[in-house]
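*Asks:* One structure coming up, written as structure tokens, with questions to follow.
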Amino acid sequence: MTSPISPVRVRYAPSPTGIPHIGNIRTALFCWVLAQQTNGQFIVRIEDTDRSRYDADAEKAIFESLEWLGLTFDEGPRKGGPHAPYVQSERQQTYVDTALQLVKSGHAYFDDTTPEQLHALRERQRAAKQPPRYDGRGRHRSPEEIEESRKEGLPITIRLRVPDHGSVSFVDAVRGKITFELKELDDFVILKSDQMPTYHLAHVLDDRAMGVTHVIRGDEWISSTPRHLLIHQALGIEPPAYVHVPLILGKDKTKLSKRHGATSALEYRDQGFLVDAVFNFICLLGWSPGDDTEVMTREEIIRRFSIDRINDSPAIFDVEKLEWMNGVYIRNMDEDSLMTELLPFMEREEAEGGLPDSVARPIDRIYLKRLLPLVHERLKLLTEGTETLDCFFADNVKPEAEDLPGRNMDIPMTEQALESALKLCKSVSPFEPEHLEAEYRALAENIEMKPGQLFSPIRVAITGKAFAPPLFDTMSAIGQDRCVERLQNALMIIGSIETPRPD
RNA sequence: GGCCCCAUCGUCCAGCGGUUAGGACGUAGCCCUUUCAAGGCUAAGACUGGAGUUCGAUUCUCCAUGGGGCUACCA
491 MTSPISPVRV RYAPSPTGIP HIGNIRTALF CWVLAQQTNG QFIVRIEDTD RSRYDADAEK
551 AIFESLEWLG LTFDEGPRKG GPHAPYVQSE RQQTYVDTAL QLVKSGHAYF DDTTPEQLHA
611 LRERQRAAKQ PPRYDGRGRH RSPEEIEESR KEGLPITIRL RVPDHGSVSF VDAVRGKITF
671 ELKELDDFVI LKSDQMPTYH LAHVLDDRAM GVTHVIRGDE WISSTPRHLL IHQALGIEPP
731 AYVHVPLILG KDKTKLSKRH GATSALEYRD QGFLVDAVFN FICLLGWSPG DDTEVMTREE
791 IIRRFSIDRI NDSPAIFDVE KLEWMNGVYI RNMDEDSLMT ELLPFMEREE AEGGLPDSVA
851 RPIDRIYLKR LLPLVHERLK LLTEGTETLD CFFADNVKPE AEDLPGRNMD IPMTEQALES
911 ALKLCKSVSP FEPEHLEAEY RALAENIEMK PGQLFSPIRV AITGKAFAPP LFDTMSAIGQ
971 DRCVERLQNA LMIIGSIETP RPD
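Quick note: the first sequence uses our numbering, first residue 491, plus one each step.
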């Protein structure tokens with residue numbers, strides 16, 4: 491338990507330009523947890539100042555991700571709040587006004603350098619092995635010259651006048667003091683020629699206006715933090731606390747991208763991961779409670795979370811461990827909850843990973859409930875419900891001939907096992923697991939086979955696969971008639987390889 | 001190239017001057033067992049390198065190396 495801290499106001503400020511990936515969503519999660527812990531507010535703000543890259547689907551995915559993970563927000567789009575609007579494109583006037591004000595106060599200036607000129611400048615610098623950097627030429631443009639350019643329809647931006655000397659530093663909550671030399675910075679754009687602000691200006695203003703106390707964001711923002719500090723200075727305001735969290739990398743240690751497979755939280759949902767497992771797992775990427783506890787409830791995470799236990803170094807996303815954790819969560823679930831989680835996956839269309847379309851929807855809940863104890867502890871993913879249970883629902887099953895013989899069994903032996911099994915299956919009663927087991931064990935002894943040898947072909951015949959839940963529970967659930975049919979069918983299959991037809 | 005950040009088993013985390021360097025996933029073996037899981041036990045497996053500081057460095061400092069990020073009128 492960390493010492494009580496005053497309520498934080500934190501925000502998740504995604505840009506609707508792409509589906510939020512795990513790393514991005516983790517910062518949202520940290521924010522949310524901190525807000526819960528301190529009884530503060532979690533704010534969501536859409537940073538859509540780049541109109542050319544706006545993607546409505548991305549915006550949809552942002553809210554869907556938050557909703558799925560249960561990251562409820564106190565203020566934000568669609569929800570409102572005392573500082574609405576929470577969409578930057580709707581706050582444009584503030585940015586323009588402030589940029590103008592900064593020009594007036596001498597902290598910023600108009601620049602009419604065209605993109606082509608900028609490009610040429612960089613080319614020259616590159617050729618001369620100089621670092622590409624804006625050379626501050628706009629500082630020397632007179633108001634008349636700017637006005638002239640404006641009349642000609644040239645694009646005008648506003649740039650912040652960065653001091654040539656000195657340095658700026660800040661204390662990052664996870665990394666400590668970080669210092670930058672001002673001579674490394676050029677005069678950067680704060681208002682674009684389309685009258686929209688850059689990220690730098692917009693987020694500083696909004697965070698200020700919204701009373702944000704802690705800016706929690708990815709590592710990649712460290713380099714531009716001096717710019718943000720400079721804007722605060724120019725405005726004469728105090729910066730918030732900065733918390734730069736390490737990146738999450740893919741298996742190959744590079745920034746997470748599509749080629750790493752699933753990168754968005756939503757994809758994990760669709761793959762059959764439980765939200766609590768994903769929540770738990772993501773929290774542990776870059777944070778730990780300090781002891782060896784790994785499986786924690788949301789409440790426990792909220793209780794134990796603390797900024798100063800956030801890691802310095804980037805983490806690699808390891809799906810295998812997530813799968814393990816998901817299995818832990820599944821095993822900890824009661825059967826009713828498991829059924830609720832499983833049903834949507836099983837009732838999807840066959841092509842989407844559901845049970846065969848021939849199985850009537852809605853599927854028989856009473857029957858499914860009887861089946862769950864057999865597969866419960868075997869599941870790692872919700873999507874596996876279909877493959878482990880389809881043999882219980884399907885009318886028949888089509889085992890591969892080569893799967894039928896068990897270890898150290900030849901064809902005749904397999905055939906003998908199946909024949910005896912079939913005979914017994916027709917007559918045995920009651921068709922209950924304990925009774926079946928007793929009878930079949932006796933059978934094994936009679937025909938001088940090891941139980942495992944006898945059971946193996948039966949299992950494949952009944953379920954169509956070599957791996958399945960305990961055999962006699964399975965047979966009992968499937969029912970005597972279908973078992974008989976399937977054993978007969980298996981006998982036909984094994985018979986067909988024994989006497990291969992010419993050609 | 002410049003600037004900034006980072007560096008403990010393959011991976012995720014412990015460690016915050018003195019430890020047989022701990023746990024988890026994964027891997028291997030064994031046990032359990034009608035298969036597969038689950039469970040239990042065991043094993044292999046790490047302090048990037050070099051200088052300092054110190055009685056003593058995984059831990060503090062510096063350098064090197066490696067990785068990452070930024071270097072846009074993108075965020």
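Every residue, glycine too, gets a C-beta built ideally from N, C-alpha and C.
(1) Look at Pro653 and Ala589 and say whether their C-beta atoms are less than 8 Å apart.
(2) Should Ile727 go down as buried or exposed, given a rule of 16 or more other Cβ atoms within 10 Å for buried?
(3) According to DSSP, simplified to helix, strand and coil, what is Val865?
(4) Rounding to the nearest angstrom, what Cα-Cα distance links Pro510 and Gly560 in this structure?
(5) Which one or two residues does DSSP pair with Glu671 in a beta bridge?
(6) Rounded to whole angstroms, what is the Cα-Cα separation between Pro729 and Ile721?
(7) Alpha carbon to alpha carbon, how far is Met823 from Gly817?
(8) What is the DSSP secondary structure of Leu644, reduced to helix, strand or coil?
(9) Can you list, in chain order, the residues of its chain whose CB lies under 7 Å from that of Ser496, leaving out five sequence neighbours each side?
(10) Whole angstroms is fine: what's the gap from Asn979's alpha carbon to Gly762's?
(11) Give the range of the alpha helix (DSSP H) segment to which Tyr758 is assigned.
(12) Counting along the chain, where does the alpha helix (DSSP H) carrying His925 start and finish?
(13) Mind the definition here: the region 828-839 touches the region 860-873 only if three or more C-beta pairs lie below 8 Å; say whether that holds.
(14) Over what stretch of residues does the beta strand (DSSP E) that includes Val500 continue unbroken?
(15) When burial is assigned at 16 or more other CB atoms within 10 Å of the CB, is Leu644 buried or exposed?
(16) Alpha carbon to alpha carbon, how far is Ser542 from Leu764? Give it in angstroms, no decimals.
(17) With 16 as the cutoff for other CB atoms within 10 Å, does Glu810 come out buried or exposed?
(18) In three-state DSSP terms, what is Pro992?
(19) Run the CB neighbour count on Ile706, radius 10 Å, all protein chains shown included, and call it buried at 16 or more, exposed below.
(20) What span of residues does the beta strand (DSSP E) with Tyr585 cover, start to end?
(21) Using the C-alpha atoms, what's the distance from Ser917 back to Met815?
(22) Using a Cβ distance threshold of 8 Å, determine whether the region 630-641 contacts the region 665-684, with at least three qualifying pairs required.
(23) Identify which residue in Asp677, Pro621, Glu634 has its Cα closest to the Cα of Arg651.
(24) Starting from Gln531, trace the beta strand (DSSP E) both ways and give me its first and last residue.
(25) Here's the rule: buried if 16 or more other CB atoms are within 10 angstroms of the residue's CB, otherwise exposed. What is Tyr624?
(26) Would you kindly check if the distance between the Cβ of Ile772 and the Cβ of Arg516 is under 8 Å?
(27) Considering only the alpha carbon of each residue, which of Cys881, Ile984, Ala932, Ile983 lies closest to Ile952?
(28) So, is Pro504 buried or exposed, given that buried needs 16 or more other C-beta atoms within 10 angstroms?
(29) Buried or exposed for Gly596, going by 16 or more other Cβ atoms inside 10 Å?
(30) Rounded to whole angstroms, what is the Cα-Cα separation between Ala850 and Met965?
(31) What residue does the beta strand (DSSP E) around Ala598 start on, and which one ends it?
(32) Excluding sequence positions up to five away, which residues of its chain have a Cβ less than 6 Å from the Cβ of Asp601?
(33) I'd like to confirm the pairing. Which residues does DSSP put opposite Asp662 in its beta bridges?
(34) Identify every residue that forms a DSSP beta bridge with Ala805.
(35) Whole angstroms is fine: what's the gap from Tyr576's alpha carbon to Thr783's?
(36) Express the C-alpha separation of Ser778 and Ile806 in angstroms, rounding to a whole number.
*Replies:* Based on what the coordinates show:
(1) As a working note, residue 653 is residue 163 in the first sequence. As a working note, residue 589 is residue 99 in the first sequence. Ala589 is positioned such that its CB atom lies no closer than 8 Å to that of Pro653.
(2) For the purposes of this step, residue 727 is identified with residue 237 of the first sequence, where counting begins at 1. So Ile727 counts as exposed.
(3) Residue 865 sits at position 375 when you count from the first residue of the first sequence. The answer is helix: DSSP assigns Val865 an H, G or I state.
(4) Translated into the one-based positions of the first sequence, residue 510 becomes position 20. Translated into the one-based positions of the first sequence, residue 560 becomes position 70. If I take the Cα positions, the gap works out to 15 Å.
(5) Sequence index remark: in the first sequence, residue 671 carries index 181 (1-based). Looking at the DSSP assignment, Glu671 forms a beta bridge with Ser657.
(6) Along the first sequence, read from residue 1 onward, the residue named residue 729 stands at position 239. Along the first sequence, read from residue 1 onward, the residue named residue 721 stands at position 231. When rounded, the distance between both Cα atoms is 9 Å.
(7) As a position in the first sequence, residue 823 is number 333, starting the count at 1. As a position in the first sequence, residue 817 is number 327, starting the count at 1. Rounded to the nearest angstrom, the gap between the Cα atoms of Met823 and Gly817 is 10 Å.
(8) Looking up residue 644 in the first sequence gives position 154. In the structure shown, Leu644 adopts coil according to DSSP, grouped into three states.
(9) Residue 496 sits at position 6 when you count from the first residue of the first sequence. Leaving aside the five residues that flank Ser496 on each side, the residues in its chain whose CB is nearer than 7 Å to its CB run, in chain order, Thr528.
(10) Along the first sequence, read from residue 1 onward, the residue named residue 979 stands at position 489. Along the first sequence, read from residue 1 onward, the residue named residue 762 stands at position 272. The C-alpha of Asn979 lies about 33 Å from the C-alpha of Gly762.
(11) Looking up residue 758 in the first sequence gives position 268. In the DSSP assignment, Tyr758 falls within the unbroken alpha helix (DSSP H) covering 755-760.
(12) If you number the first sequence from 1, residue 925 lands on position 435. Looking at the DSSP string, the run of the alpha helix (DSSP H) that includes His925 is 923-936.
(13) The region 828-839 is in contact with the region 860-873.
(14) Within the first sequence, the letter at position 10 stands for residue 500. Here the beta strand (DSSP E) through Val500 covers 499-502.
(15) Residue 644 sits at position 154 when you count from the first residue of the first sequence. It is exposed - the Cβ of Leu644 has fewer than 16 other Cβ atoms within 10 Å.
(16) The residue you call residue 764 lines up with position 274 of the first sequence. The residue you call residue 542 lines up with position 52 of the first sequence. In a straight line, the C-alpha of Leu764 is about 35 Å away from that of Ser542.
(17) Here residue 810 is taken as the residue at index 320 of the first sequence, counted from 1. Its Cβ having fewer than 16 others within 10 Å, Glu810 is exposed.
(18) Your numbering for residue 992 matches position 502 in the first sequence. Note that Pro992 scores 49 on pLDDT, short of 50, meaning its location in the model is unreliable and no value can be drawn from it.
(19) Taking the first residue of the first sequence as position 1, residue 706 is located at position 216. Flag for Ile706 reads buried.
(20) On the first sequence, residue 585 is found 95 positions in, with the first residue counted as 1. Premise fails: Tyr585 lies in the alpha helix (DSSP H), 582-594, not in any beta strand (DSSP E).
(21) The residue given as residue 815 occupies position 325 in the first sequence. The residue given as residue 917 occupies position 427 in the first sequence. CA-to-CA, the gap between Met815 and Ser917 works out to about 44 Å.
(22) The region 630-641 makes no contact with the region 665-684, as fewer than three CB pairs between them are under 8 Å.
(23) Taking the first residue of the first sequence as position 1, residue 651 is located at position 161. When only C-alpha atoms are compared, the closest one is Asp677.
(24) On the first sequence, position 41 is the one that residue 531 refers to. Counting along the chain, the beta strand (DSSP E) containing Gln531 begins and ends at 531-534.
(25) Residue 624 sits at position 134 when you count from the first residue of the first sequence. When all chains shown are included, Tyr624 counts as buried.
(26) Stepping through the first sequence from its first residue, residue 516 is reached at position 26. Stepping through the first sequence from its first residue, residue 772 is reached at position 282. Result yes, Cβ atoms of Arg516 and Ile772 sit closer than 8 Å.
(27) For the purposes of this step, residue 952 is taken as residue 462 along the first sequence, with counting starting at 1. Closest option to Ile952, Cα to Cα, is Cys881.
(28) Taking the first residue of the first sequence as 1, we reach residue 504 at position 14. Looking at its Cβ environment, which holds 16 or more other Cβ atoms inside 10 Å, Pro504 is buried.
(29) In the first sequence, residue 596 corresponds to position 106, counting from 1. Burial call: exposed.
(30) Within the first sequence, residue 850 is the residue found at index 360, counting from 1. Within the first sequence, residue 965 is the residue found at index 475, counting from 1. Looking at the two C-alpha atoms, the distance is approximately 21 Å.
(31) Walking along the first sequence from the start, residue 598 turns up at place 108. Residues 598-601.
(32) Along the first sequence, one-based indexing puts residue 601 at 111. Gly628, Thr647, Arg649.
(33) As a working note, residue 662 is residue 172 in the first sequence. DSSP, once it has assigned bridges, lists Gly666, Tyr732 as partnering Asp662.
(34) Position 315 of the first sequence, counting from 1, holds the residue named residue 805. Ile738.
(35) For the purposes of this step, residue 576 is taken as residue 86 along the first sequence, with counting starting at 1. For the purposes of this step, residue 783 is taken as residue 293 along the first sequence, with counting starting at 1. Cα to Cα, the separation comes out at about 37 Å.
(36) Against the first sequence, residue 806 aligns to sequence position 316. Against the first sequence, residue 778 aligns to sequence position 288. Distance between Ile806 and Ser778, taken at the CA atoms: about 15 Å.
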